[in-house]
Amino acid sequence: MIGFDSEKLQETLLDLQRSQERENQLRIENAAILEGVSAMAGANNKRQVFNSLLAVLRKFIAFDNAIVLTRDDEASDLHVLMSTVTNLDFNYWQVGSTFNRCINGECIALYSPKDVEEFKNKSHELLTICNSSLITGVKISSGDAMIILMSSEKGHFTSSCRRVLNRFRPLLERAIIDIDYRERLQSLVTVRTQELTYSQQRFKDFARTVGDWFWEIDTDYNFSYISASHVANHLIDKDNIMDIFDGHDDFKQQFCEQLQKDQSFEDLEWQLVIDGKEQWLSFSGTPYYNKRGLLLGYRGTAKNISIRKKRLFDLQQARQQAESANKAKSQFIAMMSHEIRTPLNAVLGLMDLLSSSGLENEQQQWLGQMEQSAHLLLTIINDILDLSRIESGSFELFNSNINFSDSITLVKNQLQPEANKKNILLECEIDESIPEYIYADKNRIIQIMFNLIGNAIKFTNVGSVKIVATKVENDIEVSVFDTGIGIANDALNSLFNPFHQADGSITRKYGGTGLGLTISQLLIKKMKGNISIKSELGAGSCFTIRIPIQPAIIKKEQLIEIKPTKLTHSLNILLAEDSPTNQLVAKLMLERRGHKVTITNHGEEAVLKLLQCHKLFDLVLMDISMPVLDGLEATKYIRKLNIDTPIVALTANAMQNDQIMYQQAGMNGFLAKPIRPEELDKMLIKYQNQSMTH
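Numbering (UniProt numbering), first residue to last: 1 to 694.
Pasting the structure below:
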């Protein structure tokens, strides 16, 4: 019996001890809560409130990081309100069943968060620092809130941790409400500050637009009000507004005339010089009346516009400099074109002559490759010249009545051998609805078609290239389809930029300057048309152009071209050329065609030769850039002597405005260097026909 009583006593003492421990723990926790509340009350910002809460919790629960989440309504995701982790992007959290339980008051310990729905879409970096977590939620006036305590250790949080977190729920609510309130207050302050800043800036902008000073005068022009005595460092110390314009009689009269009209006026500009500096003032004013309509005087503003005037002057100067630079660029390009074309003329001419000199097959192949390279160089020169002329605004279209279908067919036939070499099918479909003749620039239409169809063949290794031309409303639409390498989507936007290739390796593999599409687009815009592209990498491309139809301006019967006849008799030609190499090339090319050639070394020799026996010559080929007397001055002098022998400019200056200048000087035609055999033949046949009719 004594043993039983002793055992009961021990149990009672143990319960008493446990009760004392719980009471002591509660006192400690209550003290911590009070300490936390006190710290929060003295916090200056939401971060201090958050840190105060974590400091209290860390006394009873060990954790590495913490996140507070909130939302305004049940349909929204949770977003981060405060966090100890700042270098990870996990701002939004979807709400699943686990979070719903926490929001409704449960305290849940997760031993493997990555397996829980809400954590599955989070980054690897976050899951690395969150191998276990302790979560609970609270209801606040603005919505729902949750706190997540995280530990990098697995199974870290115990049931005791859950009990403590539940015990600290009032402190959690207080802290989260305080943080949320401060967050909203800060957002409101930020918005109001931005609105105030915007309002202040708007006021400043308005203030800058009004006059530097306000004035009001009576009908005798005496000041009744003036807002400031100084404007643009000019002292206004006169009683009458007219007196301040003494020494500027022209402006005084102009200002007086404006007032006497009894009408509002604006921006009457007055120029004056103060301390050696030019100043400009702009006056605006309006008459004002009493209730009976009697004129009382005038009121208005005066604004210092010196800065605006200077800016305008600077802009004009910059424009002049830009125009001068652009002119210098055009002159430089023209000069470089001449310098490059002159030796290239000799190269191409001699290669043309060499090709018919009985070479072996292998030598003919070498010569063919050389000629292709020379033609490529000529194409590059032409592309740069075209781009320069278009960009400088000196480019014009030279429209005439053309057969559009024949232009496409011509390009197709000339490019057919290239397609045959690559075993590519080249097709052309031209709808009968397209007018037979339109008014357009034939050379530029052909240039555009050469570029689009040539590119399609160049970038197609297997399959076909198809040209389809139709009439769409009042436009001609031409589409060029290919089954080539295609273009990536990210390269389409910059495809028409100068010197651009869709891929740098394209340039190395296929060649080209990257100017063809740029020039084509600019030409089409000049024709008031447009160009578009659809492409798929590896599957092919489709370039489509639309050009408005301009009807032919003469009858169809007049459009029939007279085909040139073949050479039937030789011409006696006077050649004026200063380069010995080009003399040799031109002489050989002309003599091979059965003509007689007399050579002069500059314009003065050509004039003297024509003075002696101009009737002996059927044609003069006149170089432009020559020493002693250039081709232009020589031609003008020849025409003043009433010598009407046809003169054709033979030059490397190939710009269109050059051709106009040659025509104005009295020349009859133009033959560009390098001299191409087909162009030479066309020109010779033309003047052969003329000589036969005389």
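Note that beta-carbon positions come from the ideal geometry of N, C-alpha and C, so glycine has one too.
These numbers were taken from a predicted model, which means no experiment stands behind them.
Any non-hydrogen atom of the ligand GTP closer than 7 Å to residue i Cβ
i	result
S142	As for the ligand GTP, it is missing from this structure, which has no ligand bound.
Exposure label - residue i; buried when at least 16 CB within 10 Å
i	result
I545	buried
D482	buried
D115	exposed
W215	buried
K458	buried
V585	buried
A328	exposed
Y111	exposed
D239	exposed
R319	exposed
C161	buried
residue 695	In the structure as shown, the chain begins at 1 and stops at 694. Residue 695 is therefore absent and cannot be evaluated.
I176	buried
Q663	exposed
S282	buried
P170	exposed
Distance between residue j and residue i (C-alpha atoms, nearest Å)
i	j	result
C102	S123	22 Å
R676	L348	8 Å
K277	D249	20 Å
K422	D406	25 Å
K120	I129	14 Å
L78	R163	25 Å
F168	S52	13 Å
residue 707	S284	This structure leaves residue 707 out entirely; the chain is present only between 1 and 694.
L559	I549	Because the pLDDT of L559 is 43, which lies under 50, any placement of that residue in the model is unreliable, and the number read from its coordinates should be weighed accordingly. One C-alpha to the other measures close to 17 Å.
A322	I307	22 Å
Q690	M683	11 Å
R174	Q48	14 Å
L296	L272	29 Å
E106	W93	18 Å
L359	R593	20 Å
A488	I547	27 Å
R311	S535	47 Å
I402	M667	25 Å
Y687	Q416	32 Å
S46	G155	The sequence given here places Lys at residue 46; Ser does not occur at that position. Between K46 and G155, the C-alpha separation is close to 31 Å.
K442	L523	12 Å
K139	F99	13 Å
L344	L397	27 Å
V472	Q659	36 Å
D551	A606	In the sequence as presented, Asp is not what sits at residue 551; that position holds Pro. Taking the straight line from one Cα to the other gives about 45 Å.
E678	Q365	21 Å
D431	F404	11 Å
Pair within 8 Å by beta-carbon distance, residue i and residue j
i	j	result
T645	K673	no
I217	S224	yes
I179	L81	yes
I476	I467	no
S132	E117	no
D64	M150	yes
G648	F617	According to the sequence as given, residue 648 is Val; it is not Gly. Cβ atoms of V648 and F617: not closer than 8 Å.
I67	S83	yes
N399	Y439	yes
K596	S570	yes
V480	V462	no
M527	D578	no
G484	T460	yes
G538	N455	no
N451	S357	no
Q279	L268	no
H614	I643	yes
L492	I553	no
Min CB distance residue i to chain D below 8 Å
i	result
I599	Given the protein chain composition of this structure (a single chain), no chain D is represented.
Query - Sequence ranges, alpha helix (DSSP H) only - wholly within the segment 424-504, length at least 4 - result: 442-458 and 489-492
Requested in this report: Count the C-beta pairs between the segment 625-634 and the segment 601-616 that are closer than 8 Å, then say yes if the count reaches three, no if not.
Outcome: Output reads yes: the segment 601-616 touches the segment 625-634.
Report task. Count the C-beta pairs between the segment 437-447 and the segment 407-415 that are closer than 8 Å, then say yes if the count reaches three, no if not. Result -> yes
Query raised in the report: What are the complete alpha helix (DSSP H) segments, minimum 4 residues, inside the UniProt domain "PAC" (261-317)?
Result: none
Requested in this report: Mind listing, in chain order, the continuous beta strand (DSSP E) runs of no fewer than 3 residues lying wholly within the segment 539-617?
Outcome: 540-548, 572-576 and 596-600
Report task. Only counting runs of 3 or more residues, tell me where the beta strand (DSSP E) segments fall wholly within the segment 42-94, in order along the chain. Result -> 65-71 and 78-83
**Report entry** Segments assigned beta strand (DSSP E), at least 3 residues, entirely inside the segment 123-167
**Finding:** 132-140 and 143-151
Query - Runs of beta strand (DSSP E) wholly within the segment 617-642 (minimum 3 residues, chain order) - result: 619-623
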